[in-house]
Amino acid sequence: MWRLPRALCVHAAKTCKLPGPWSRPAAFMSTLLINQPQYAWLKELGLREENEGVYNGSWGGRGEVITTYCPANNEPIARVRQASVADYEETVKKAREAWKIWTDIPAPKRGEIVRQIGDALREKIQVLGSLVSLEMGKVLVEGVGEVQEYVDICDYAVGLSRMLGGPILPSERPGHALIEQWNPVGLVGIITAFNFPVAVYGWNNAIAMICGNVCLWKGAPTTSLISVAVTKIIAKVLEDNKLPGAICSLTCGGADIGTAMAKDERVNLLSFTGSTQVGKQVALMVQERFGRSLLELGGNNAIIAFEDADLSLVVPSALFAAVGTAGQRCTTARRLFVHESIHDEVVNRLKKAYAQVRVGNPWDPNVLYGPLHTKQAVSMFLGAVEEAKKEGGTVVFGGKVMDRPGNYVEPTIVTGLAHDASIAHTETFAPILYVFKFKNEEEVFAWNNEVKQGLSSSIFTKDLGRIFRWLGPKGSDCGIVNVNIPTSGAEIGGAFGGEKHTGGGRESGSDAWKQYMRRST
Numbered sequence: 075m076w077r078l079p080r081a082l083c084v085h086a087a088k089t090c091k092l093p094g095p096w097s098r099p100a101a102f103m104s105t106l107l108i109n110q111p112q113y114a115w116l117k118e119l120g121l122r123e124e125n126e127g128v129y130n131g132s133w134g135g136r137g138e139v140i141t142t143y144c145p146a147n148n149e150p151i152a153r154v155r156q157a158s159v160a161d162y163e164e165t166v167k168k169a170r171e172a173w174k175i176w177t178d179i180p181a182p183k184r185g186e187i188v189r190q191i192g193d194a195l196r197e198k199i200q201v202l203g204s205l206v207s208l209e210m211g212k213v214l215v216e217g218v219g220e221v222q223e224y225v226d227i228c229d230y231a232v233g234l235s236r237m238l239g240g241p242i243l244p245s246e247r248p249g250h251a252l253i254e255q256w257n258p259v260g261l262v263g264i265i266t267a268f269n270f271p272v273a274v275y276g277w278n279n280a281i282a283m284i285c286g287n288v289c290l291w292k293g294a295p296t297t298s299l300i301s302v303a304v305t306k307i308i309a310k311v312l313e314d315n316k317l318p319g320a321i322c323s324l325t326c327g328g329a330d331i332g333t334a335m336a337k338d339e340r341v342n343l344l345s346f347t348g349s350t351q352v353g354k355q356v357a358l359m360v361q362e363r364f365g366r367s368l369l370e371l372g373g374n375n376a377i378i379a380f381e382d383a384d385l386s387l388v389v390p391s392a393l394f395a396a397v398g399t400a401g402q403r404c405t406t407a408r409r410l411f412v413h414e415s416i417h418d419e420v421v422n423r424l425k426k427a428y429a430q431v432r433v434g435n436p437w438d439p440n441v442l443y444g445p446l447h448t449k450q451a452v453s454m455f456l457g458a459v460e461e462a463k464k465e466g467g468t469v470v471f472g473g474k475v476m477d478r479p480g481n482y483v484e485p486t487i488v489t490g491l492a493h494d495a496s497i498a499h500t501e502t503f504a505p506i507l508y509v510f511k512f513k514n515e516e517e518v519f520a521w522n523n524e525v526k527q528g529l530s531s532s533i534f535t536k537d538l539g540r541i542f543r544w545l546g547p548k549g550s551d552c553g554i555v556n557v558n559i560p561t562s563g564a565e566i567g568g569a570f571g572g573e574k575h576t577g578g579g580r581e582s583g584s585d586a587w588k589q590y591m592r593r594s595t
């Protein structure tokens, strides 16, 4: 999803050492957005100027303090004290103790708790969605929609809590039967990325909980306020039901906490969402202790438009898939293969569509395109554009940083590259779409599959035979295979995940619940 330059997290949020617990001059505090009248709604989520980033039944934190920033203007929002290694140790112990209570509760009753969590999220959906827009940078409709995904997976999990089971199989021995029993793994560690700071945790948390597991969450440092706000909502539900808060623990932190989770034998399953580069490090650390990991890593997703494609579908789909969330989705379309007979027309239509994209503050309901998450992401965008030019590409739209506050860049279209250009095989978390010409089905299916990642893909065609070839063993090698719709987005009823360097993990629906359980016969 996000290319991280160092182990387990980017510490893009600034850190500082404090002389005392929360000692700061009043003038220093007043610069925070949370203290400005127009952001008073943040306090509806229980947020303050200084927030504790550890929850294990009680709130605390003895690590360094980070400041999180609004990507739309790079102004500080509030501060979070992260977990120390000692906080982590204490939290794991409390989570393991909480598991003894939680796993004894019947699955349908666990489902009832998850239902209450979903309802509590519903009550806060607008204000929590606004926080996602403010701290992550995605537009408001996407921020609210992301919280809705957590609500939806809670609904799904409630039904699933009454359907978990394994088959009874014939035995070779007279008077015997083979029973397949599924049991919770225990403690599920969840490390999430900045780009979906609510939904990805929800996909893991809701399913893990109804399976009988307890959860320990480490979100991205740059979206720590979101992690705190979500955990406060969950904690109240647990406390109202007189259940241990450590069932859903939180340790905000950086590389030290992420590494501790990966190496900790007490973490029975580690779900990691992030870049392929860091995912490899996580996988090696977990495998070294023969642990279990669920990896959701990079994507280099392609849309293929054949000569019979409906261009009234192709153009808005490519726009939505490439520009949505400013190109910061793991399912963002980064490559567009267009049949040579319609290439020029598609590019011209795309340029016109790109010119109409409404840019602005992400919490403005009329805006469709917001900022990149960090200044580092802007630098990566510029580097990718320059590299594309060096490799023979032509920027036909965008390619520059916008002259306005915040981390805004122009949505960009590049043509003229070779299908196997190095930059086209590199996932850049930015709104850059590389457009290529192709001649026939065989070559373009091969081009779709030639990248190392295998997350999402889509074709646009009216040919039923081609559609079934695309879905078959010689078609797309991705985990998500679409027809006549964009690459981005997913429904919670299906298992979400990808192949190859995307990691092979599956979250959310279908039988993804099995990832959170162990099987015995």
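Residues in the sequence shown are numbered from 75 upward in steps of one, following the working numbering.
Yeah, the Cβ is synthetic: ideal placement off N, Cα and C, and Gly gets one too.
Predicted model, so just to flag it, every value in this text is computed and none were measured.
Q | Opening and closing residue of the alpha helix (DSSP H) in which Trp291 lies | A | From DSSP, Trp291 is part of no alpha helix (DSSP H) but of the beta strand (DSSP E) over Val288 to Lys292.
Q | Reduced DSSP category for Pro318 - H, G, I as helix; E, B as strand; rest coil | A | coil
Q: With a cut-off of 8 Å on the beta carbons, I'd call Val225 and Ile199 a contact; round off their distance for me.
A: 7 Å
(Q) For Lys548, which residues in the same chain have their Cβ closer than 8 Å to its Cβ, ignoring the five residues on either side in sequence? (A) Phe519
Q: Decide if the segment 465 to 482 is in contact with the segment 139 to 148; the criterion is three or more beta carbon pairs, one per stretch, under 8 Å apart.
A: yes
Q. Taking the continuous alpha helix (DSSP H) assigned at Ala273, which residues delimit it?
A. Ala273 to Ile284
Q: May I have the straight-line CA-CA distance separating Asp537 from Ile378, to the nearest angstrom?
A: 13 Å
Q | Helix, strand or coil at Thr105 according to DSSP, with G and I counted as helix | A | coil
(Q) Taking the beta carbon of Asp193 as the centre, do at least 16 other beta carbons fall within 10 Å, making it buried, or is it exposed? (A) exposed
Q) Near Ser204, what residues of its chain come up, given a Cβ to Cβ distance below 7 Å and the 5 sequence neighbours on each side ignored? A) Trp115, Leu214, Gly217 and Trp437
**Q.** Segment contact flag, the segment 130 to 144 with the segment 158 to 165, C-beta cutoff 8 Å, min 3 pairs
**A.** yes
(Q) Need the endpoints of the alpha helix (DSSP H) that Cys144 sits in, please. (A) Unbroken run through Cys144 is the beta strand (DSSP E), Val139 to Cys144; no alpha helix (DSSP H).
Q) Hey, is Glu246 close to the ligand ADP, as in C-beta under 7 Å from one of its heavy atoms? A) The ligand ADP is not part of this structure, which contains no ligands at all.
**Q.** Where Pro244 sits in the DSSP three-state scheme
**A.** strand
(Q) According to DSSP, is Tyr162 part of a helix, a strand, or is it coil? (A) helix
(Q) On the criterion of 16 or more Cβ atoms from any shown chain inside 10 Å, does Ile618 qualify as buried, or is it exposed? (A) Here the chain covers residues 75 to 595 and nothing more, so residue 618 does not appear.
Q: Use the C-beta contact count for Leu243: other C-beta atoms within 10 angstroms, 16 or more gives buried, fewer gives exposed.
A: exposed
Q: Measure the C-alpha to C-alpha separation of Val154 and Ala334 and round it to an integer number of angstroms.
A: 20 Å
Q. Given a threshold of 16 other Cβ atoms within 10 Å of its Cβ, counted over all protein chains shown, does Asn269 qualify as buried or as exposed?
A. buried
Q. Are the beta-carbon atoms belonging to Ala34 and Gly134 less than 8 Å from one another?
A. Residue 34 cannot be examined here, being either before or after the span of the chain that is shown, 75 to 595.
Q. Taking Cβ positions, are Pro271 and Thr297 nearer each other than 8 Å?
A. yes
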